[in-house]
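Read through the structure below, which is laid out as structure tokens, and then see the notes.
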Amino acid sequence: MVSRSTIALAVAVAATGGVEAFSPSAFHLGIAPARLRSAICPVSRGLPPSVPRSINARLRMKAEEHTDGPSGGDAISDAVDKLQSKMMAATLALTILLSGGVVAPEKSMAQPATASPPGTGISNGGVATNGPSATPSDTSVIQEQASQRKVAKLDPGVQDKVQVFAEILSGINSAYVDAPDLDKITELGFNAMLNSLDPYTEFENPKMTDQMRTLTTGNYGGVGLAIQKLKEPQTDKDEPYVYVMNSFQGYAWSAGIRPGDKILKVDGVDVANKPVGEVSELLKGQQGTQVVVTIERVGTNGPIEKQLTRRQVPIRDVPIAMTIDDKNEVGYAKLAGFSSSAPFELRYVINKMQEQTNLKGFILDMRGNSGGLLSSAVQIADIFLPENVPVVSTKGRADQSPDLASDDFGFKPDRKDTMYKSMLIPKFMGRSPDGAPVFSDKPLLDPGVKLVVLVDKQTASAAEIVAGAIQDHDRGVVMGQTTYGKGLVQVLQKLSGGRQLKYTSAKYYTPSGRCIQSKSYKNEEGKVGTKATTLEDKDRMVFYTDNGRPVRDGGGIEPDVKIEPPKRGQLKQALGRWDAFYRYAGVIAKDLQDGEIKAKDDKPMVSDEVYNDFKKWSMDKMGDAALASSGPYSRGLDLLTEALNEGGFNEAIPDVKALKKHLGELMVKEFETDKKVIKELLEDQLRRRYVVDAQVLSWGLINDATAEKAVEYVEKDELYTGILNTKQPIPGAQIATSSNSDGAAGAAE
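Numbering (mature numbering (1 follows the signal peptide of the UniProt record, and there is no 0)), first residue to last: -21 to -1, 1 to 728.
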């Protein structure tokens, strides 16, 4: 157990920063109780001079504006001329996919599907969503290719498909019985076409393009609120109003809005029954303007009006960093994403830690990190690895972006295969006797500092690149669960009209030569367009780290130290689906007179009395029936009941209903068997009513068994070095050679 009395806050970065990024207020105000705040040297505003912002451009690809559309050749009707923007988007998309994708698609399949039902194949546009997903679209390793291709001369095969699409769209537009929504049907067609390739290739309309820009830059214009609709427990329908799920420090939090608040109006506009996206748009606006948000809070009399200022809101990739041992010698940082600012944030907190304490070990927590920019992944690897060693290589089907020039650092990402190597970031160490500046010739994190990387099954893409590079070079110990296994690179390609195409352009390989992609989207002929298949263990190849340790491809990054995840009880999941923890936190918060004091002093807030009250409240609100209907077997039992009724076996139906009720009763018993986990979830939601994210996260580390195990490996040399020097073979595994490793650079012989 990481005792809260031993947590010394060396550096704490609020989840969304303060008004000034990395300002002293971001460290001291409302982040940790006074006794947990160790002395922090005065911090100048902005990033320290030793971290040049130009480094961020090292792997960024040049942006070029598209000026020429498809010539079209001949005989295009007036109706099609009016649809030129959509034709241009379709032409560009087909041309790019048929010339530059990682796998050659079947041309007969790469056509818009005109008969797809609404919603088919449309992903969330790269917007991060709550909860796990089978194929999350937000786990992309994205090469920042913002260029548009000039389509001067189309491949005849592409031209034919574009012409057919133009004729179909023209006919529908001019002769269909009702006036069609061209934006809707073309977007459905594009996404049905692209979804047949893989889950990550998608068409993004202007709104989705803005959302992707937020993810990649780590900034958006707004008021600093995360909002969501809740489900009504008995009906499973959305409630009419949206609720505040998170309020960002320095923005909405400072204006007095808290998680749990219900938003009633925005600038006088009633938002009842409005979609979340529409409410979000009402909150956004020109920077510097004011917006009045009317909220309802449990325990208060009547609506409350809050005035907020719209501005640029940074989304921090490093929400918290601190030391977590008795001697303040083990550093910890949570890395939540890979936007363009992530390398600077991580460099900054590591630099401050090493200035203020004698670090013996460092824990990089990438659990739940679904990835981001390839360039940021390489730059973060620079922090830990020696100069000029491989970090990752990419291998595509065709030359990527032949019209792109080299960037500021001489990287020209226009080759079929690209190797990215580590680059030493100069660190100012002081001045020589004659006054000349002196820079370190070592990585930012001193090579003598032990490194432990925490991962889980939601760790994906860019996060897997960093974990794989550290593992392959034996720089640190990877601990946790096997990662997601996404070894594909996506490119962002601008289209006309503010639209964008995100498509898979390459596979990536770790320094040892392994591709950790766990699923294949190719059929037996090697073409895409079929359901994903998972690589079997017997087909996975063995590669070797620098120290000769065996590692395997094709199934994510397997940790050096496996930590089994806690069992997911059915009751816990049911309570989560009904937002029971969130709802009850709002109910009880009004009655906790000392709640804010306890939260700020890191004292437990969920006593046995509060827990028993939560149990009673949950049963009153949900009941056995609702719990039973939330179980994993509920849908199957309902189908069985329908089948029995249709088949004339009505006498058996009471037995099925009795079984369903019994399952609900078993779930209720989990209030006792899973008490510890349920209490922790309730603690998390209750604390969010009083303190900012950084302090909630620091509390969560207190009972974090994986973090505790990581500290143990740092403190015990025999455990740490024993892992990095283990060379035991993997029984029954195939050894990779240059001929069977898919041509990856650096494949083990």
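All residues carry an ideal CB built from backbone N, CA and C; glycine is no exception.
Since we're looking at a predicted model, the values are computed, not measured.
Host alpha helix (DSSP H) of residue i (start-end)
i: Tyr327; result: 321 to 335
i: Asp634; result: 632 to 652
i: Ala684; result: 684 to 694
i: Gly555; result: 549 to 556
i: Thr620; result: 613 to 626
i: Met598; result: 587 to 600
i: Arg562; result: 559 to 568
i: Glu181; result: It is not in any alpha helix (DSSP H) - Glu181 instead sits in the beta strand (DSSP E) that spans 181 to 183.
i: Phe227; result: Note, Phe227: premise wrong, no alpha helix (DSSP H); not H, not E.
i: Gly150; result: 135 to 154
i: Gly679; result: 672 to 679
Paired residues, beta bridge with residue i - DSSP
i: Thr373; result: Thr397, Tyr487
i: Tyr311; result: Met301, Ile342
i: Val277; result: For Val277, which the question treats as bridged, DSSP gives no partner whatsoever.
i: Gly201; result: Arg290
i: Pro416; result: Arg410
i: Gln472; result: Leu480
i: Asp249; result: Lys244
Neighbourhood of residue i by C-beta, 8 Å cutoff - its chain only, sequence neighbours within 5 removed
i: Gln207; result: Asn109, Val221, Tyr222, Met224, Val255
i: Tyr561; result: Leu209, Tyr222, Met224, Pro238, Gly239, Gln664
i: Val258; result: Ile206, Val221, Ile242, Val245, Val250
i: Ile359; result: Leu314, Phe317, Ala321, Pro322, Leu325, Val445
Coarse secondary structure for residue i, derived from DSSP in three states
i: Ala42; result: Unreliable positioning characterises Ala42 in this predicted model, as indicated by a pLDDT of 27, which lies under 50. The coordinate reading is nonetheless provided below. Residue state, collapsed to three classes: coil.
i: Phe169; result: helix
i: Asp217; result: strand
i: Ile236; result: coil
i: Met584; result: coil
i: Ile242; result: strand
i: Pro254; result: coil
i: Gln437; result: coil
i: Gly493; result: Here the sequence assigns Arg to residue 493, which means Gly is not the residue at that position. If DSSP states are grouped into helix, strand and coil, Arg493 belongs with coil.
i: Met191; result: helix
i: Gly466; result: coil
i: Gly534; result: coil
i: Gln265; result: coil
i: Ile576; result: helix
i: Lys421; result: coil
i: Lys543; result: Checking the sequence shown, residue 543 turns out to be Glu, not Lys. Reduced to three states, the DSSP call for Glu543 is coil.
i: Gln358; result: helix
i: Asp453; result: coil
i: Leu161; result: helix
i: Ile404; result: coil
i: Gly351; result: strand
i: Gln479; result: strand
i: residue 732; result: Here the chain covers residues -21 to 728 and nothing more, so residue 732 does not appear.
Residue span of the beta strand (DSSP E) that contains residue i, given as start and end
i: Leu209; result: 204 to 210
i: Gly409; result: 407 to 410
i: Leu430; result: 429 to 434
i: Pro529; result: 529 to 531
i: Phe522; result: 520 to 523
i: Val368; result: Run containing Val368: none; DSSP gives neither H nor E here.
Proximal residues to residue i (C-beta, below 6 Å), its chain only, five neighbours per side dropped
i: Asp525; result: His452, Asp453
i: Gln450; result: Val457
i: Gly235; result: Lys285
Contact set for residue i: own chain, Cβ-Cβ below 7 Å, skip 5 residues either direction
i: Lys421; result: none
i: Pro238; result: Val223, Met224, Asn225, Ser226, Arg667, Arg668
i: Pro538; result: Val434, Val457, Met458, Gly459, Gln460, Thr461
i: Gln265; result: Arg289
Outcome for residue i when other beta-carbon atoms lying within 10 angstroms are tallied against a minimum of 16
i: Gly281; result: exposed
i: Asn184; result: buried
i: Ala42; result: The predicted model places Ala42 with a pLDDT of 27, which falls under 50 and marks its position as unreliable; any figure quoted below should be read in that light. Exposed, by the Cβ-count rule.
i: Ile329; result: buried
i: Pro490; result: buried
i: Ser385; result: With a pLDDT of 31 at Ser385, under the threshold of 50, the modelled position of this residue cannot be trusted, and the question is left open.
i: Phe418; result: exposed
i: Pro633; result: exposed
i: Glu662; result: buried
i: Leu618; result: exposed
i: Arg614; result: exposed
i: Glu630; result: exposed
i: Ala231; result: buried
i: Asp518; result: exposed
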